Structure formats: C-alpha cells, structure tokens
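Undergrad: So the sequence shown is residues -3 to 251, counted in the working numbering.
Note that CB positions come from ideal geometry on N, CA and C, so glycine has one too.
None of these values were measured; they are calculated from a predicted model.
Can you read through this structure? Questions will come right after.
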Amino acid sequence: MADNSVPENPDAGAEPTEGVSVSKRPTGKSRKKPAESASNAPTAEAAVPASTGSTAAKPGKQITINVSSVGKIVAGALVVALIAVAIFFGVKWKSDADELAAASDAKQASDYFVTQLLNSMNTATASEYVDTMSPLTTGQFRDNLTKERDKTQADITQMQLKITPDIWSSGVVSVSGDSATTLVVAEISGTSSVATQPVTNVGMFRLTLEKHDGKWLVSQMDPGPSSTGVGSDPAAPGGEAPAPTEPTPAPAPAG
C-alpha cells in the first residue's frame, strides 16, 4: 500500500521546475527596461549639448547685435558730421564767393570813377565835370560837388588841364557788406598852365564806397600813401588829382 501511494506534492513555496520557470520568468521585461533606458540615455545626452550650444550661442548673438548697433550709431554720427561739414563749407564757400564778387564790383567801380574823374578835369570838358561825377558819388561827397559846381569849373579852366589817365593798379583794401575801401594808382600824362611840355605824374586815390541799389558809389576820396593834391574836397584847386608839373631840373655838375 505504501508503494502505490502518490508522492507528496512539493512545497508550495519551493521554486518551480526549470521548464515552468522559463515560460513564467519575467526576464524579457526586466531586460527590456535597461534597454529602453539605455536607448533613452543618448537622447538625453544629445539634448544636453543642444541646450549647451544654444546657451553658448546667446552671448555670440548678443555681441553681434551690439556691434551692429554700435555700427549704426557710428554711421549715423558720421552722416551727421558729413552733413555739418558740407553745410559749413557750403555756407563758407557762398560767403567767400559773395565777398569776392563784392570786391570785384567795388574794384571796377573804383577804376571807372578815377578814369571819369581825370577825364572830366580837362579844361575842354570842365562844364561837364559835375554832371559826370555826381551819378558816381553819394552822401556829402555828392553834395559838395553840386554846391561847388561853379567854383570847380572855374578852377579847372584856370589850370588849363589837358590830361590823359591810365590806371596802373587797383585793389580792395577791405569790404564788408555794403561798404568797401579801395586803392587806385593812376598815371596822369598831359600839360597844364604850369607844365607846358607833356609830363607824367602818378596819383594814388583811396576811395570809400557804399553800395546803393546794387551800385557802388564813392562817398569819400583821400590821397593815397604817396600821393599829393588828392582829397575829399572836389572844390579845392587841384584837389581832385595832381596836375602835371614841370620836372625839377637836374643840378648842374660841380665845376
């Protein structure tokens, strides 16, 4: 009876047989998890450099923006500076051009005035002296011409002048707005009641001019540094220009 009895079952807590344990052991799951974690690890690691790269790129991008901003500021400053320089030189050039034009006009007016002055002092045209010179003068100078008309004509007639002027040189001493000062050097050739033979003198005229209605007019006439007989009073005998005089005889050689 003892031999035919069924063997007792193994203990319930004992380990199952090998065949059963192969099919029931959760080895696939437990091995799969490390595989998944291993496969996820490179992705996490790859993400780290990406974030690091973006973090490192930010300073470079900020520097680029700063440099660009500075460049724009510098470029803007240069443009402003160039405009300022252009305006300065443009205004300066215009100012210089206007001054040169005024000086040129004043010089031409002075040359014409002296030429007309000397030509009208010829005895043959004494009666035309005041009428010729009045339109070229202004202020007190013109008033004196008109006031002393008769006396001036008499003086010219008395001097028996027959002269020819030639402008040697002229220039502008100063010019400012509507006023200018000029210097004219003229050669005066001819005869007079004193110099019956043709002689040549040099006269220097310092003129003060004023601009009226776009025209330069003489308001004052004075003798130049090396001239005599030229003054602002046109009524004075010989006051307009040095009359030709006889040359001084050379001293006789010592015997």
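1. Taking its Cβ as the centre, do 16 or more other Cβ atoms sit within 10 Å of K103, making it buried, or is it exposed?
2. Distance, Cα to Cα, S172 vs N197?
3. Is it buried or exposed, E206, if we count other Cβ atoms within 10 angstroms and call 16 or more buried?
4. Applying the criterion that 16 or more other CB atoms from any shown protein chain within 10 Å of the CB defines a buried residue, is D94 buried or exposed?
5. L203: which of A97, S100 and A105 sits nearest, CA to CA?
6. If we ignore side chains and look at the alpha-carbon of each, how far apart do S116 and L96 end up?
7. Closer than 6 Å by C-beta to T153: which residues in its own chain qualify, once you throw out the five before and the five after it? Chain order, please.
8. Look up D174 in the DSSP assignment and say whether it is helix, strand or coil.
9. Check the C-beta distance from A182 over to D162 and give it rounded, since I have them as a contact under 8 Å.
10. Who are the near neighbours of K158 in its chain, counting only those whose CB is closer than 7 Å to its CB and skipping five residues on each side?
11. Got a sec, what are the start and stop residues for the alpha helix (DSSP H) Q154 sits in?
12. To the nearest angstrom, how far is the alpha carbon of S130 from that of K147?
13. Judging by CA-CA distance, which residue of S175, Y125, D151 and L114 is the nearest neighbour of V214?
14. What would DSSP say about P219, mapped onto helix, strand or coil?
15. Could you pull out every residue in the same chain whose Cβ sits closer than 7 Å to the Cβ of T111, ignoring the five residues on either side in sequence?
TA: Taking the structure as given:
1. Label assigned to K103: buried.
2. For S172 and N197, the distance between alpha carbons rounds to 32 Å.
3. Taking every protein chain shown into account, the CB of E206 has 16 or more other CB atoms within 10 angstroms, so this residue is buried.
4. Classification of D94: exposed, given that the 10 Å Cβ count is below 16.
5. Ranking A97, S100 and A105 by CA distance to the CA of L203 puts A105 first.
6. Distance between the alpha carbons of S116 and L96: 30 Å.
7. So the qualifying residues of the chain are T119 and A122.
8. Reduced to three states, the DSSP call for D174 is coil.
9. So it is a contact: roughly 7 Å between Cβ atoms.
10. For K158, where only same-chain residues beyond five positions count, the Cβ hits under 7 Å are N118, T119, G186 and T187.
11. Residues R145 to M155.
12. Rounded to the nearest angstrom, the two C-alpha atoms are 15 Å apart.
13. Comparing Cα positions, the closest option is S175.
14. In this structure, DSSP gives P219 an extended state, which the three-state scheme calls strand.
15. The residues are P161 and I163.
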